[in-house]
Structure formats: structure tokens, C-alpha cells
Amino acid sequence: MAWFEHLNISSQCQSIIIDQVQSLALEQKHIIQCGINYGKEAFTIYRRNPDMHMLLFTIKGRGMLSTPTKQWDLQPEHVIYVPPGCENGFDINPDENQELIWDMAWVMLEQQSYWDQRLPHEITYYPTQSGSLLFQTIDCLQQALCLNYPLADQISTNITEQLCLLVANRTAPHSPLALQRLERVFQHAKRQLHYPWQVKDLAAVYPCSEPHLHRLCQQYYSQSPMARLTHLRMEHAAGLLTTTSWPIQHISDFCGYPNPTNFSTRFKSWSSFTPRQFRSRFQSES
1 MAWFEHLNIS SQCQSIIIDQ VQSLALEQKH IIQCGINYGK EAFTIYRRNP DMHMLLFTIK
61 GRGMLSTPTK QWDLQPEHVI YVPPGCENGF DINPDENQEL IWDMAWVMLE QQSYWDQRLP
121 HEITYYPTQS GSLLFQTIDC LQQALCLNYP LADQISTNIT EQLCLLVANR TAPHSPLALQ
181 RLERVFQHAK RQLHYPWQVK DLAAVYPCSE PHLHRLCQQY YSQSPMARLT HLRMEHAAGL
241 LTTTSWPIQH ISDFCGYPNP TNFSTRFKSW SSFTPRQFRS RFQSES
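Printed below as a string of C-alpha cells:
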């Protein structure tokens with residue numbers, strides 16, 4: 001089958017595209033273009049002989065990358081790298097994707113010695129922890145470029161440095177994907193420690209069944225899900241006790257314990273001190 005160039009983007013897609021014309025910092029780092037796309041219904045691009053390094057980070061939904069000989073299913077929390085000169089096309093994958101969405105971020109890099117030495121010579125597809133942060137970083141870069149000079153240049157330079165770090169450290173093969181996803185569950189919970197979390201709520205964030213969440217927490221933390229959550233609440237409470245003058249009742253509420261007696265009991269079990277004793281001892285030393 002002949003490979004042909006093709007582009008089809010639905011009117012429902014929303015994109016941010018930043019190139020070297022808009023940002024001198026991208027030119028200095030040999031980044032041809034970066035962008036994000038909220039893909040909906042159709043987002044299809046086929047190229048015969050692209051002359052750049054390309055990375056696609058999937059955030060939500062599913063995409064598909066095709067070459068004349070192979071296809072890759074692009075799932076959330078994964079990145080695919082395509083070297084220069086490799087015929088390819090990518091579009092929304094309809095499999096298990098009833099809404100036909102594909103939210104993704106991309107970075108296109110020059111064929112230049114800095115990137116040539118740091119990137120492989122074949123298509124690679126790996127789990128990544130960097131996708132969501134890269135997506136937000138590109139969004140921040142677009143906002144920074146709307147500021148007045150010289151602030152726009154100063155901030156965009158710093159953001160572009162972060163962009164390069166995320167590209168260079170896009171994979172973490174030593175960290176199992178299940179652990180990465182589990183960490184994100186509890187990072188999510190840490191943003192709402194006051195919420196009356198139950199195991200079913202945490203499992204829904206993963207998402208997985210409650211028994212599977214128990215098994216994962218035992219495997220990676222040697223704790224039950226609720227014990228892990230309690231540990232995070234106590235750590236946060238300890239920080240607030242030593243760095244603020246908030247009333248203990250307020251700290252108790254903030255960490256998910258409306259009853260201060262229950263909070264004091266839990267905290268003493270965790271630290272061997274009551275909240276008041278802990279503050280008295282460690283706040284004066286800090």
C-alpha cells in the first residue's frame with residue numbers, strides 16, 4: 001500500500017502550538033515545535049519523510065501510531081519516540097475509547113548533535129511519569145509568551161529548561177507502572193486530606209477493585225490503603241504543627257479528623273507525642 005501524506009483534524013479538537021517564531025528559547029534549545037491537543041472525534045496526521053525527532057505523550061483517551069510495518073496503541077502515561085526519516089501517521093484509536101478522545105502533548109526536535117546523542121535510532125514506546133507535567137509545562141509556556149518583555153523571555157527561558165529536562169528524563173524503567181499509578185492515587189488524596197476517604201474512593205482513582213488496591217498497597221508500602229492514608233495525614237499534621245501557629249482543632253479538621261480527640265489519639269500512636277507535646281518539642285528546635 002502506498003504511503004501518503006494526510007491531515008484530518010476535527011473542528012472539535014483544541015490545540016496549542018508553539019514554535020521557534022514565537023519563542024527564541026525553543027530555537028536556542030533546538031526544539032522545532034511543542035504543543036498540546038485535546039483530541040476529539042478525529043485527529044489524523046500522516047507524514048512520509050519527517051526530518052525531526054518526535055515524541056508523543058498520551059495523557060487521556062487513546063491514540064495510535066502507524067508505520068508501513070507496525071502499529072502501536074498509545075495509552076495514557078506512555079510516551080512514543082519516532083526518529084527522523086521514519087514514515088509514520090498517528091490518529092485517535094477507537095478501541096475501548098467510545099468518546100473518541102486523545103489528549104496528548106508533543107515535542108519535535110531538530111536533527112542536531114545535542115539531541116542526536118540523547119535519543120535512540122528506532123521507535124520506542126515506554127511508560128512515563130512526565131506526560132502530565134509536560135502537558136502543563138507547554139500550557140504554561142504559552143501563557144508566559146503572552147506576558148510583556150522582558151518578563152516573557154525570562155520566564156519562557158526557564159520553562160523551556162524544564163521542558164528539556166522532562167524530555168531527557170521521559171522514562172523511568174526502574175519504577176513499575178503499577179507503583180507510579182499508586183503514587184498518583186495518594187498524591188491525589190494528599191490534595192484533599194480533609195475529605196472522608198474510603199477504600200472504594202481510592203480504588204476509583206486508580207482505577208481498580210478494592211481487593212486489588214489492598215494487594216498493591218501491601219506489595220509496595222506494606223500497609224493497607226487506609227493505613228497509608230493515615231500515615232500521610234499524620235506527616236502533614238506534623239508539618240503544620242511545627243511550621244504554623246494554627247490551632248490544633250484547625251489542623252485536625254484540615255487533616256480529615258473533625259473530632260480532635262480522635263486526631264490526638266491517632267497522632268500519639270503515630271509519633272509517641274500528643275499534638276501539643278510535638279509542637280512544643282519540635283517547633284522550638286526548628
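Read in UniProt numbering, the sequence shown has 179 at position 179, and its numbers run on one by one without any break.
The beta-carbon is built from N, C-alpha and C at its ideal position, and this holds for glycine as well.
Given the structure is predicted, the values throughout are model-derived calculations rather than measurements.
CB of L141 within 7 Å of CB of I18, strictly: Between L141 and I18, the CB-CB gap stays under 7 Å.
Chain-order list of residues whose beta-carbon lies under 8 Å from that of S23 (same chain, five-residue window excluded): L141, L145, S156 and T160
T69 - containing alpha helix (DSSP H), residue span: Taken as a continuous stretch (DSSP letters only), T69 belongs to no alpha helix (DSSP H), as it is neither H nor E.
If the criterion is Cβ atoms closer than 7 Å, does the pair residue 290 and I92 meet it? Residue 290 lies beyond the stretch modelled for the chain, which goes from 1 to 286, so this question has no answer here.
Nearest neighbour of W270, chosen from S66, R281 and M234 [CA to CA]: M234
Could you tell me which uninterrupted beta strand (DSSP E) segments, each at least 3 residues in length, are contained entirely in the region 205-263, listed from first to last along the chain? none
Classify R170: buried if its beta carbon has 16 or more other beta carbons within 10 angstroms, exposed otherwise. buried
Supposed contact pair K268 and C164 - C-beta distance, whole angstroms, cut 8 Å: Between K268 and C164 the Cβ distance is about 47 Å, and since that is not below 8 Å, they are no contact.
P127 (DSSP reduced to helix, strand or coil): Strand, per DSSP.
Would you say L179 and Y220 are within 7 Å of each other, going by their C-beta atoms? Contact: yes.
I need the DSSP call for L7, collapsed to helix, strand or coil. strand
Where V82 and P50 are concerned, what is the direct C-alpha to C-alpha distance, given to the nearest angstrom? 9 Å
Whether or not the region 188-197 and the region 73-82 are in contact is what I'm after, with contact meaning three or more pairs of Cβ atoms, one per stretch, closer than 8 Å; do they touch? no
Boundaries of the alpha helix (DSSP H) in which V185 is found, first to last residue: That run of the alpha helix (DSSP H) goes L177 to K190.
Pairs of beta-carbons, one from the region 7-15 and one from the region 68-76, closer than 8 Å: are there three or more? With a cut-off of 8 Å, the region 68-76 and the region 7-15 do not count as touching, because too few Cβ pairs lie within range.
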